[in-house]
Amino acid sequence: MVISLKTIHMISRDSYREQIEPFINKPFVKVMTGIRRSGKSVILRLLKDELLRRGVLEDHIIYMNFESFEWIDIQDSKILYSYIRSRIEDKDTYYILLDEIQVVAEWEKAVNSFLVDFNSDVYVTGSNSNMLSSELATYLTGRYVSFHIMTLSFKEYLRFHDIVLGGHDVNMKEEFIKYLRSGGFPEGASLAAKRDYLTSVYQKIYLGDIAARHSIENTFALRILFRKLAESIKQPVSFTRITNIVASTGVKISKNTVINYMEYAKDACLLIPIQNIADKLVERETNPKYYFADNGILNLLLLDADTSLLEN
């Protein structure tokens with residue numbers, strides 16, 4: 663994807679950079695997760711620009727985007743470690759920036775070794791919240807900080823479009839309705855065919871990040887599950903209830919399968935569960951509300967959906 667300098671400026675995500683920059687040159691792996699296309703790659707590139715601004719030599723910055731064909735042969739931690747080791751030529755600090763790292767098998771082992779073996783400062787991004795799983799915690803206990811990157815907020819959306827809050831020539835209600843219904847994916851914010859773009863992102867998430875990654879053959883059941891979750895956005899949902907709702911459409915699906923599918927969707931950062939802190943402990947765990955990571959995707963699944971979009 664080619665991003666113009668203007669686009670990079672407009673989606674610079676200052677709030678995230680301000681959170682991450684204090685950890686530059688600190689002995690923690692900086693882990694950025696979030697739904698696909700939320701802007702993690704741009705933030706990583708802006709961090710690279712900040713390092714260069716601070717005087718870091720370009721050959722001491724190792725940037726790898728694993729969605730690029732350039733790195734197709736680096737598929738496991740051993741190969742990744744060997745490559746990084748070959749790039750390090752002195753004892754100065756090397757800055758290792760790894761984008762969409764989850765495609766590298768057992769990547770956390772390599773990252774742990776970077777901290778042990780080299781003078782390094784490491785940053786990783788991924789479209790899978792499972793990056794913060796027990797495996798990562800085991801290898802990097804106390805040595806990583808995590809940042810969850812969301813799609814554009816309404817304030818960022820206005821900045822992206824050069825709209826001044828409170829400007830006299832702006833219909834702010836009209837702009838909010840556009841944002842409410844189309845969501846905040848940075849790449850899609852300036853496109854006329856927003857629905858086509860959102861459809862492609864959603865299909866990549868549910869067919870690629872969820873179905874293909876977890877070898878799910880019944881993608882119809884998966885699609886029905888997400889649609890029913892979208893229709894239930896305003897109320898708590900238990901696993902039993904959502905299983906019954908999906909089954910009522912004629913889809914044969916077990917409760918355990920529903921639980922697995924919802925966990926996969928959480929890992930892909932598509933769904934965000936929110937517990938009711940006023941509930942009893944058991945009810946908090948078993949009856950959360952499930953929200954979608956971006957309104958644009960939710961709007962694909964609903965008709966006449968403004969009240970649900972507002973809650974989401």
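Numbering (the numbering used here), first residue to last: 663 to 974.
Note that the Cβ used here is the ideal one computed from N, Cα and C, for glycine as well.
Span separating the alpha-carbon of residue i from that of residue j
i, j, result
"I697", "V765", "15 angstroms"
"R889", "A927", "13 angstroms"
"M672", "Q681", "At M672, the pLDDT of 46 sits below 50, so the modelled position is not reliable; the number obtained from the coordinates is stated separately. Going from the Cα of M672 to the Cα of Q681 covers about 18 angstroms."
"I977", "F685", "Shown here, the chain extends from 663 to 974; a query on residue 977 therefore has no answer."
"I734", "S970", "41 angstroms"
"L963", "A892", "6 angstroms"
"P636", "F901", "Outside the shown range of the chain, which is 663 to 974, sits residue 636, and nothing can be said about it."
"L972", "Y841", "11 angstroms"
"P848", "E879", "31 angstroms"
"D676", "V704", "11 angstroms"
"M726", "K942", "46 angstroms"
"L742", "I867", "25 angstroms"
"S852", "D752", "44 angstroms"
"S1005", "H876", "The structure shown does not extend to residue 1005, since the chain spans only 663 to 974, so no value can be given for it."
"G870", "N687", "35 angstroms"
"I665", "A967", "Summary for I665: the model assigns pLDDT 38, below 50, so the residue's position carries little reliability, and this model does not support an answer."
"F954", "L933", "5 angstroms"
"S674", "R715", "15 angstroms"
"I915", "R903", "12 angstroms"
"K817", "R707", "22 angstroms"
"G828", "T911", "47 angstroms"
"A984", "G850", "Nothing about residue 984 can be read from this structure; the chain reaches only from 663 to 974."
"Q897", "I907", "13 angstroms"
"Q865", "E925", "18 angstroms"
"S815", "P935", "19 angstroms"
"F776", "Y952", "37 angstroms"
"T905", "Q937", "19 angstroms"
"I939", "C931", "22 angstroms"
"D858", "R946", "37 angstroms"
"T813", "I839", "16 angstroms"
"E732", "R699", "20 angstroms"
"I670", "G717", "Because I670 carries a pLDDT of 40, less than 50, the predicted location of this residue cannot be relied on, and the following value inherits that uncertainty. Their Cα atoms are separated by approximately 21 angstroms."
The alpha helix (DSSP H) enclosing residue i, as first and last residue numbers
i, result
"S775", "W769 to D779"
"N922", "K917 to D929"
"I839", "M834 to S844"
"D711", "K702 to R715"
"V753", "Per the sequence shown, residue 753 should be read as Lys rather than Val. Unbroken run through K753: none, as it is neither H nor E."
"I904", "F901 to A909"
"T881", "T881 to E893"
"K817", "F816 to F822"
"L933", "Note, L933: premise wrong, no alpha helix (DSSP H); beta strand (DSSP E) at L933 to I936."
"T969", "D968 to E973"
"N957", "N957 to L962"
"R679", "D676 to I682"
Residue i burial status per 10 Å Cβ neighbour count (16 or more: buried)
i, result
"K692", "buried"
"D711", "exposed"
"N922", "exposed"
"E770", "buried"
"L667", "Reliability fails at L667, whose pLDDT of 38 lies under 50, so the model's placement of it is uncertain and no value is given."
"S730", "exposed"
"D754", "exposed"
"G845", "buried"
"N918", "exposed"
"D831", "exposed"
"R679", "exposed"
"T881", "exposed"
"I895", "buried"
"L713", "buried"
Endpoints, beta strand (DSSP E) assigned at residue i
i, result
"G788", "S782 to G788"
"S809", "Per the sequence shown, the amino acid found at residue 809 is Phe instead of Ser. Start and end: Y806 to H810."
"Y725", "I723 to N727"
"Y952", "K951 to F954"
"D871", "Where D871 is concerned, there is no enclosing beta strand (DSSP E), given that its DSSP letter is neither H nor E."
"L760", "Y756 to D761"
"V863", "Looking at the DSSP string, V863 is not in any beta strand (DSSP E); the run it does join, the alpha helix (DSSP H), is K856 to Q865."
Distance CB(residue i)-CB(residue j) smaller than 8 angstroms
i, j, result
"V863", "L887", "no"
"T695", "G788", "yes"
"N833", "Y801", "no"
"L860", "E837", "no"
"A873", "V913", "no"
"N654", "D929", "Nothing about residue 654 can be reported from this structure: the residues present for the chain run from 663 to 974 only."
"Y806", "L709", "no"
"I825", "G701", "no"
"R843", "N961", "yes"
"Y757", "I750", "no"
"I763", "F809", "no"
"A767", "Q737", "yes"
"L759", "I723", "yes"
Inter-stretch contact (C-beta, 8 angstroms, three-pair minimum) for the region 736-749 and the region 762-780
yes
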